[in-house]
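Since the structure comes first, as structure tokens, the remarks are kept for the end.
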Amino acid sequence: MKLGVCYYPEHWPEEQWAEDAARMVETGLIWVRIGEFAWSRLEPEEGDFRWEWLDRAVKVLGEAGLQVVMGTPTATPPRWVCEKHPGLFALDKHGHVRGFGSRRHYCFSHDGYRGEAVRIARLMGERYGRNSHVQAWQIDNEYGCHDTIYSYSDAAAVAFRQWLEARYGSIEALNDAWGNVFWSMEYRHFGEVFLPNLTVTEPNPSHVLDFKRFSSDQVARLNRAQVLALRPLTDAPLIHNYMGRIVEFDHFAVGADLDIASWDSYPMGFLEDRSDQPEEVKRRFARSGDPDFQAFHHDLYRAVGKGRWWVMEQQPGPVNWAPHNPDPAPGMARLWAWEAFAHGAEAVCYFRWRQAPFAQEQMHAGLLRPDSVAAPALGEAAQVASELPGVEVETGTAPVGLVFDYESAWAWAAQPQGAEFDYFRLVFDFYRGLRRLGLSVDIVPRDCADLSPWKMVVVPGLMHWGDLGVDAYEGVLVAGPRSGSKTADFQMPVPLPPGLPGVAATVARVESLRADSPVPLEDGGAFRFWREVLEGEALEAAEDGVPARIGTARRQYLGGWPDDEAMMRILREAAEEAGLETLDLPEGLRVRDAGKWRFAINYADRSWKLGKHIPGAPSGRIGAHDVSWWLR
Amino acid sequence: MKLGVCYYPEHWPEEQWAEDAARMVETGLIWVRIGEFAWSRLEPEEGDFRWEWLDRAVKVLGEAGLQVVMGTPTATPPRWVCEKHPGLFALDKHGHVRGFGSRRHYCFSHDGYRGEAVRIARLMGERYGRNSHVQAWQIDNEYGCHDTIYSYSDAAAVAFRQWLEARYGSIEALNDAWGNVFWSMEYRHFGEVFLPNLTVTEPNPSHVLDFKRFSSDQVARLNRAQVLALRPLTDAPLIHNYMGRIVEFDHFAVGADLDIASWDSYPMGFLEDRSDQPEEVKRRFARSGDPDFQAFHHDLYRAVGKGRWWVMEQQPGPVNWAPHNPDPAPGMARLWAWEAFAHGAEAVCYFRWRQAPFAQEQMHAGLLRPDSVAAPALGEAAQVASELPGVEVETGTAPVGLVFDYESAWAWAAQPQGAEFDYFRLVFDFYRGLRRLGLSVDIVPRDCADLSPWKMVVVPGLMHWGDLGVDAYEGVLVAGPRSGSKTADFQMPVPLPPGLPGVAATVARVESLRADSPVPLEDGGAFRFWREVLEGEALEAAEDGVPARIGTARRQYLGGWPDDEAMMRILREAAEEAGLETLDLPEGLRVRDAGKWRFAINYADRSWKLGKHIPGAPSGRIGAHDVSWWLR
Amino acid sequence: MKLGVCYYPEHWPEEQWAEDAARMVETGLIWVRIGEFAWSRLEPEEGDFRWEWLDRAVKVLGEAGLQVVMGTPTATPPRWVCEKHPGLFALDKHGHVRGFGSRRHYCFSHDGYRGEAVRIARLMGERYGRNSHVQAWQIDNEYGCHDTIYSYSDAAAVAFRQWLEARYGSIEALNDAWGNVFWSMEYRHFGEVFLPNLTVTEPNPSHVLDFKRFSSDQVARLNRAQVLALRPLTDAPLIHNYMGRIVEFDHFAVGADLDIASWDSYPMGFLEDRSDQPEEVKRRFARSGDPDFQAFHHDLYRAVGKGRWWVMEQQPGPVNWAPHNPDPAPGMARLWAWEAFAHGAEAVCYFRWRQAPFAQEQMHAGLLRPDSVAAPALGEAAQVASELPGVEVETGTAPVGLVFDYESAWAWAAQPQGAEFDYFRLVFDFYRGLRRLGLSVDIVPRDCADLSPWKMVVVPGLMHWGDLGVDAYEGVLVAGPRSGSKTADFQMPVPLPPGLPGVAATVARVESLRADSPVPLEDGGAFRFWREVLEGEALEAAEDGVPARIGTARRQYLGGWPDDEAMMRILREAAEEAGLETLDLPEGLRVRDAGKWRFAINYADRSWKLGKHIPGAPSGRIGAHDVSWWLR
């Protein structure tokens, strides 16, 4: 468990490097990430390399005692690369070019650009792959940030046709799989298929889903190309830094080629900008962030990283990109780091060392102010560094597994059927419910064949069962809504869903509900947004008599989207069935169990009497925005 | 009065057709509509025809006892047609192409496409025009759906110039009619005129209105071209299936070339997606639909069809395209059909037979589920079929005529002057008021020279008087607001509006009102959204003393948009003046008189004591979502 | 102090001109503006001039006793100019052309168009520059209306590169100034720089700011080109008519080349369409306009005009372009004119004489209705004309100076950091606070080196101090928030802001606040939207202990955006420190001091007892929407 920081030697006079490095070490930081946007300084013209400054930077940092994470600069191809490859830009869905002048200005399908990316990665690998100070690599930066997964360029169209041909073999197979007979949409050959934009009304959802699968594969392909270039040149782990609530590509697929997953955690920006919470909740947690959002992603990326994961960028103070960017409450820069460690992070790196006084992110805080005075987070980082030695986290397996599947996110984005039906929102609602019960959770990918490690498994909204090991699973299973409701080709299966072995239920039809029209359940709470008309013997019915849940206490299918009350009730019942102890945590207080430790994390703006809410906790109170841990 | 259903033999294995047909007959269905999206199966390559499967389908259905409505498949030109005519796509107002991949992907002005459409229609006519099972034809499908009337393509620009030249003769006449001197917008010749998109600020409203007239004419032209191709080949009636609340083309003009009007009635989708009702009303009727929306369109299309009209597609269960798609309340699939018959429908066809498990509409219910089990609507359809024999509806003339004019809709869309001023909304508000009084209504086109059949005529928002027979009319006339306020060229007339013979009123000026700022009337209620400063002797004044209504009890001009209270009061007073009996119907309960029958239709989620609300009704209650009829 | 009117002889039969002119004179109007949209009538084909009608119009008007303002018609190039220069259209930020069909359809950077504009201006100058009836000139019309300052055309790109080269000399200097190292955005030569649109995420704010500076310079350049053409040909003053709340170009820079500033004042449209006021305030003043909006612009354009300014277009009745366009309350057409004179206007011209019955503005009221009957404003104008002789306004210097800087508006638009941070809104909030205290205000440009004329100077949100004479200023100074927070290159200065001499404050960091989360101040009121964490000795702190104001009573820096309560308190305290008497004016009542006169202006819909609110006022009440003036 180590702290680190992101640093840009190219932003500062060389004279300042040594002092910066010394101060990092003094703070207790160990990792320093550099290089990921520096292409124009490394190769200002094609073939005109300027490695020397980076050589010196690595040396200064390394000799100060820091370990370097070296980034490949492929998220920001310089102007000359764009001139050389005029087709490398992505096009948006309207057909407008997404050009030079910020970052991530490339289409994943452009062969010329992939060549340039591999070339610069290889050259960096050759120069630094065996450098003893370089202990890890970051490939590219924040895939998918700024909505950059989908490109409607010519390069993408050509690649999509190849991808389809590889998938389907014949155009007849594609026409069948998509049901193109529906509106005379049948193709005669693959060359007739276009990208699913600029249609008169919605395109075929099977077409859309395949385009999303293809686009995700293109991300994995470009990432893999860099991996293949670097692997022979270094033994250090290869990492990518993902973002929060980006579902446009399959992180598990990208992660499969990497050694460690990492993510960039900006709790306050994410709450303000990417949350479905009501405004009142956003207001209440405006200075601390959503109490579950970080934990969810920690658990997600632990799965993506096959157990190994970092926070590569940790918010240190106000950011610059949300609609509102308040100052974090004192203590949050410490709390966020500790929460990551409680979820098994190997490293937490603050972004960034010193606030840059220029360009797009000049209003983004760092550990230092632009005048090099310490910002509040520096002291909090130092405190974490001093607290770390006493704790060793072994993650182990959580009692509950929650399935999260990117393909399902694409499916329901293509066909929400109700305005509020968003897959992330649905899964995250279940996650929040589990957390409020005090349960620790593992995120489980859809191809997990063996679910036996978990006492309880929750599967909301899984498009199709695929390889998920539900058949053999003997723990407590809660599935639905919408789980199993499509074939892999995005058709409705016959016999009708859910097709869950051991549960004699049929989804006769579904309805999406206005937000003001939930359907009350007979045992309390309601279904909101989504409700299925189930056939079968009801475990519980809605007040109108339609079965709401079918199956048994240990294996049930849930025909709707539970509101908070129903969610807590249903999950608590299932957890108790699984032999798990549950809590009833107040707003903002959360628990995380990791090996022998139990952590309490308080996102609330008030203190709580710990023992009252968490039996077995030490006596005394946990302060506002404070963390506490003890041996359980 | 017959029931029917929409069927897609090309979606199902041929083995299933006979069983499907038998089950349709058993349900009591008589009509079956087929073929309207099947072009790629009929002609997968240019000139490569595959009629045989359709021959067999017609035979199977016909021999089972069904009558076939054959659709021309021109709403979905296959991919090869688009390759052959690369300019056939419409462009949207931003200049973006609206391409292949869904439906309605053609520009009405494209000559090449018109040729293809006529060709396939003629070929189908030649093959099936005299087939004894084919008893009606549908041309194309849902003109205007997905906002497809306006195209800004090169083909449209060329055709628009020809249209203008034909209308104006000289460019000087056009410049005069449009007032192009205003901002130096004068043209030297027709070749200089562009379509009214991509201007810096709003284009000249006369330019816009002519573009809308032209666009409407192009719809009529393409429809007429198919009519001319089919007429010599069949004696069966020609039909088009219109939609709800689509005002972008003149349905009367299209209808003039056809034998029967029909429309596609999706009450719940329309309420959720195309209604101005407050959210609370949308919530209340979310499972039944707006109590007046269907009736309005029934009356409208009865007029468009010169008395002959159908519901070609009737919602059977949840649809897939509104923001929320709940399940209809039990009984609605019966109620909707009965309401159509009460308004004089010759046929009601449910859409569709079996829910398709693939492509865009896989979440759209049918009479059967995808697994061929009966959905709830199947039983309701069977019930209607069993009830029909006892009732014969003769529509006759309604006591009230309400003028509805597409050109006025275009005019006020071009120049709303107030954010809420929408012509459909205005007319529909008057319609709702009449319905709440228990009055049956005929929709009257703007060129109706003889208004004497109606005891009372209401004319809200009619752009200019044109050929409407108001001068000679001796019944009770309620006109305004905005009626007569433009010339045919979209200029303000001098003398000032309304120019209504027999009413000494002048609209000195107008004002559009914030929704929170209605103008109260001295006798109760208020004007909302729109108020005119009238000069003349007041029949009633606003509380600020400005005349609100001018004229006499039998012939009045109304200088504003009445809110619900004022609307009911003013219309009741006029109806009484016309010697009509009025009711005061509670929310959701409606009455329709048709010949000797009186129908009561209950959209509400509760029952009512019939006799209390409708004098002369049979004793007893009408249930929630139920229908009742009796001899009056 | 003279009244006038806008007139379009080309819209009316020549027979009507003389009668119109006589009626204008009879009303008491003196100025008549003509010609500014008449290009297609003056030169219908290139080189085919038709001056004669305009000659006659000038003669008829002049001989009736009117003084003509002659407009150059360059806001509406006719169709043939566009055909001749196909590249003259601006492109919007999406790259869509903004074409012919309304007005302002030219890109300021297009050399060919500038040539045409200069040519027509010179020809008009040659013909009318010495005509004794032509006493003033208006150049073009409403620069910036319809969002027309920014163009992303090829012509703009070429000109921008030249502008950058002139500013920076070398590409290295540009890369440094912009901090292009940040995301490898470095350029190798000026030809590589594009306009800052169509980027993946936000472009570099320095890039954006320079584009805005450039775009503003292009406006000044085109205006100057016409000025240079006209200067040798006439001695009459040259004027442009600006708009309300348009900040996209530097009006001071344009005004520097002109003799008189003028603006087009549409109080009700501006309140409905361009105001940040809550809906409740918009509702309350829907028939009169914002009580401070006109005054602000009067003071602004008095500064832009170096003391000489007009209202070139005054709203006379309902307009046609806001979301809602109600009728002004009786008296407002008089009140608005008097308020302008109270702020020093030399002329107020109503727009327009007679309502045009055709084209885009046919719903825009005039002094006459389309049928030539007097609209209400005609009588009010006549009343003003009859009242004017008794009053002579000498503006003098106001007690308070308020700095308004267009460059700061561009800076904060490029980097708001909080959704509500709009520079105009911020400055206008301070202006409103000063007005509610009864203080008269001068607007001060950012390059004003000598601030000594004002007893108190207020500087909210000034991007950088530049040449503003704050150092030597000895009056009461209230600066901030955000003042001095950037360098001229749009970088953060080190040492950190505010860098205000004599105030030992440091802005350690800033935060933008949700609208529902203001930060309360210990002496009452709160900061909303924006709050800075200040270091230094607090003059006042927020309730959380962070200094809110630093400095002394006579020279302070304010670290936030005060809400109404805090604003009034802080400004009152400062005004008292400056020895100024303050009032506490009720909603809608305002005071303006001009030389020996004190004016009271009542925007409220009720009367007030004058002496109760304004000590020294004459006894009695001021009516709703009335004006009162007395010797002070």
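Sequences listed follow chains A, B and C, in order.
Per my numbering, residue 4 is the first one in the first sequence, and the count goes up by one each step.
Per my numbering, residue 4 is the first one in the second sequence, and the count goes up by one each step.
Per my numbering, residue 4 is the first one in the third sequence, and the count goes up by one each step.
Ideal Cβ positions, reconstructed from N, Cα and C, are used throughout, including at glycine.
As the structure is a prediction and not an experimental result, all values here were calculated from the model.
Around the beta carbon of H192(B), fewer than 16 other beta carbons sit within 10 angstroms, so the residue counts as exposed. From the beta-carbon of T151(C), the residues of chain B found nearer than 7 Å are V203.
Under the Cβ distance rule, V322(C) does not count among the residues neighbouring chain B, no pair being separated by less than 7 Å. C-alpha of W611(B) to C-alpha of F296(B): approximately 21 Å in a straight line. With fewer than 16 neighbouring CB atoms inside 10 Å of its own CB, S173(B) falls in the exposed class.
Not a single C-beta of chain B is nearer than 7 Å to the C-beta of H113(C). Neighbours of T79(A) in chain C, taken as residues at a C-beta separation under 7 Å, are given in chain order as W186 and S187. Looking from the CA of Q318(A), the closest CA among A380(A), V376(A) and A401(A) belongs to A380(A).
In this structure, the beta-carbon distance from A603(B) to S631(B) falls below 7 Å. Residues L586, L588, P589 and L592 of the same chain have their beta carbon placed closer than 7 Å to that of H616(C), with the five preceding and five following residues left out of the count. With fewer than 16 neighbouring CB atoms inside 10 Å of its own CB, P504(A) falls in the exposed class. According to the DSSP assignment, G74(C) belongs to the beta strand (DSSP E) that extends over Q70 to G74.
Sequence-distant partners of G619(B) (beyond 5 residues in either direction) whose C-beta falls short of 7 Å from its own C-beta, in its chain, are R635. Here F252(B) has Y146, G147, I152, S218, S219, V222, A223 and Y409 as same chain residues with Cβ atoms under 8 Å from its own Cβ, once five neighbours each way along the sequence are excluded.
The three-state secondary structure of W611(C), taken from DSSP, is strand.
Secondary structure note for G258(C): its alpha helix (DSSP H) is the uninterrupted segment H254 to G258. CA-CA distance, D276(C) to I142(C), rounds to 26 Å. Between V61(A) and N134(A) a beta carbon distance of about 6 Å is seen, short of the 8 Å cut, so the two are scored as contacting. Interface with chain C (7 Å Cβ-Cβ cutoff): L303(B) is excluded. Between the alpha carbons of V497(C) and A139(A) lies a distance of about 34 Å.
DSSP places Y353(B) in the strand class (E or B) of the three-state scheme. Remark: C-beta atoms of E543(A) and D519(A) do not approach each other more closely than 7 Å. Contact note: G591(A) does not reach chain C at a C-beta cutoff of 9 Å; the least C-beta distance is about 16 Å. Counting other Cβ atoms within 10 Å of its Cβ, E584(C) stays below 16 and is therefore classed as exposed.
At a cut-off of 7 Å between beta carbons, V497(C) contacts chain A. Taking 8 Å as the cut-off between beta carbons, the residues of the segment 414-434 of chain A near chain B are Q418, Q420, G421 and A422, in sequence order. For W468(A), no Cβ of chain C is located within less than 7 Å of the residue's own Cβ. For W54(B), none of the residues of chain A pass the 7 Å Cβ criterion, the least Cβ distance being about 15 Å. For Y245(A), the pairing in a beta bridge is given by DSSP as W266(A).
For S515(A), the enclosing beta strand (DSSP E) stretches over residues T509 to S515. Inter-residue distance for G464(A) and Q280(A) is about 20 Å (C-alpha atoms, whole angstroms). Taking the Cα of T490(B) as reference, the smallest distance to any Cα among W83(B), D213(B) and V121(B) is reached at D213(B). Taking C-beta separations shorter than 7 Å and ignoring five residues to either side along the sequence, the partners of H367(B) in its chain run V322, N323 and Q358, following chain order.
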